[in-house]
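Below is one structure, written out as structure tokens, with a few remarks after it.
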């Protein structure tokens, strides 16, 4: 089923979940696709089409039960359980991820951190002791880690990813703006703010020429 769902649809599901969470906090009980579309700058038809990939939600003419749809999307996204993660690379970015809760969602927990710098190994950052990267395989098994976050210098990216894959990791969040190779059965998600900025400048340029 997953192979038949466009990637862009899966990308939008967390956006729907975010809006539904805000609506629930505002004590909104029912929301129409029109209301969701206005908040997300999308058409109601697109929202209905996206949701239709996963089943029937809401009633025609009556909208969506906000709390029910929110819980259904959480389940679809696998957010009805805890995901245990490892961080590879505890430089400035890695420390920021640990220190400031960049991933401060209760469903995701960084249970271990790794580096190859002997000056970093053994230190504690936000309650997490930095380990030697050589200990990754044992820790993955011991802690039940399923996701690795890579925040190393570009020259070390492939090594960190290869190490993760070699330990059986099937999901990698890569903060490094460097192309990485992974097997077909491994999911890698790139996090690169420059791509978002370049998208925004396209829209700004379009506004200026209209």
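In the working numbering, the protein residues as written are -5 to 204. Backbone N, C-alpha and C fix where the C-beta goes; we use that ideal spot for every residue, glycine too.
Contact belief for residue i with residue j at Cβ below 8 angstroms, rounded distance in angstroms
{"i": "residue 167", "j": "residue 143", "result": "5 angstroms"}
{"i": "residue 68", "j": "residue 11", "result": "7 angstroms"}
{"i": "residue 114", "j": "residue 124", "result": "5 angstroms"}
{"i": "residue 106", "j": "residue 140", "result": "About 12 angstroms; that fails the 8 angstroms criterion."}
{"i": "residue 9", "j": "residue 34", "result": "6 angstroms"}
{"i": "residue 134", "j": "residue 92", "result": "The Cβ separation is near 18 angstroms, so there is no contact."}
{"i": "residue 59", "j": "residue 1", "result": "Their Cβ separation, rounded to whole angstroms, is 27 angstroms, which puts residue 59 and residue 1 out of contact at 8 angstroms."}
{"i": "residue 70", "j": "residue 48", "result": "6 angstroms"}
Local Cβ density within 10 Å of residue i, reported as buried at 16 or more and exposed below that
{"i": "residue 120", "result": "exposed"}
{"i": "residue 151", "result": "buried"}
{"i": "residue 163", "result": "buried"}
{"i": "residue 196", "result": "exposed"}
{"i": "residue 63", "result": "buried"}
{"i": "residue 90", "result": "exposed"}
{"i": "residue 207", "result": "Residue 207 is absent from the structure shown; the chain starts at -5 and stops at 204."}
{"i": "residue 108", "result": "buried"}
{"i": "residue 44", "result": "buried"}
{"i": "residue 27", "result": "buried"}
{"i": "residue 88", "result": "buried"}
{"i": "residue 94", "result": "exposed"}
Residue i in three-state terms, based on DSSP
{"i": "residue 161", "result": "coil"}
{"i": "residue 196", "result": "helix"}
{"i": "residue 181", "result": "strand"}
{"i": "residue 186", "result": "coil"}
{"i": "residue 169", "result": "coil"}
{"i": "residue 55", "result": "coil"}
{"i": "residue 44", "result": "helix"}
{"i": "residue 60", "result": "helix"}
{"i": "residue 66", "result": "helix"}
{"i": "residue 74", "result": "coil"}
{"i": "residue -1", "result": "coil"}
{"i": "residue 134", "result": "helix"}
Extent of the continuous beta strand (DSSP E) to which residue i belongs
{"i": "residue 102", "result": "102 to 109"}
{"i": "residue 81", "result": "77 to 82"}
{"i": "residue 141", "result": "141 to 144"}
{"i": "residue 122", "result": "122 to 126"}
For residue i, the nearest candidate out of the options (CA to CA)
{"i": "residue 157", "options": "171, 147 and 176", "result": "176"}
{"i": "residue 19", "options": "0, 6, -2 and 61", "result": "61"}
{"i": "residue 179", "options": "101, 185 and 160", "result": "160"}
{"i": "residue 137", "options": "198, 0, 79 and 28", "result": "79"}
{"i": "residue 86", "options": "145, 13 and 174", "result": "145"}
{"i": "residue 77", "options": "116, 66, 54 and 102", "result": "102"}
{"i": "residue 186", "options": "171, 198, 200 and 193", "result": "171"}
{"i": "residue 57", "options": "129, 29, 17 and 47", "result": "29"}
{"i": "residue 100", "options": "155, 72 and 32", "result": "72"}
{"i": "residue 153", "options": "54, 83, 22 and 53", "result": "83"}
{"i": "residue 173", "options": "147, 192, 190 and 193", "result": "147"}
{"i": "residue 130", "options": "118, 184, 81 and 112", "result": "81"}
{"i": "residue 181", "options": "117, 155, 200 and 13", "result": "155"}
Bounding residues of the alpha helix (DSSP H) (the contiguous stretch that carries residue i)
{"i": "residue 114", "result": "First-last for residue 114: undefined, no H or E at that position."}
{"i": "residue 28", "result": "27 to 34"}
{"i": "residue 90", "result": "86 to 93"}
Within-8 angstroms CB hit, residue i to chain C
{"i": "residue 45", "result": "This model lacks chain C altogether, as it is built from one protein chain only."}
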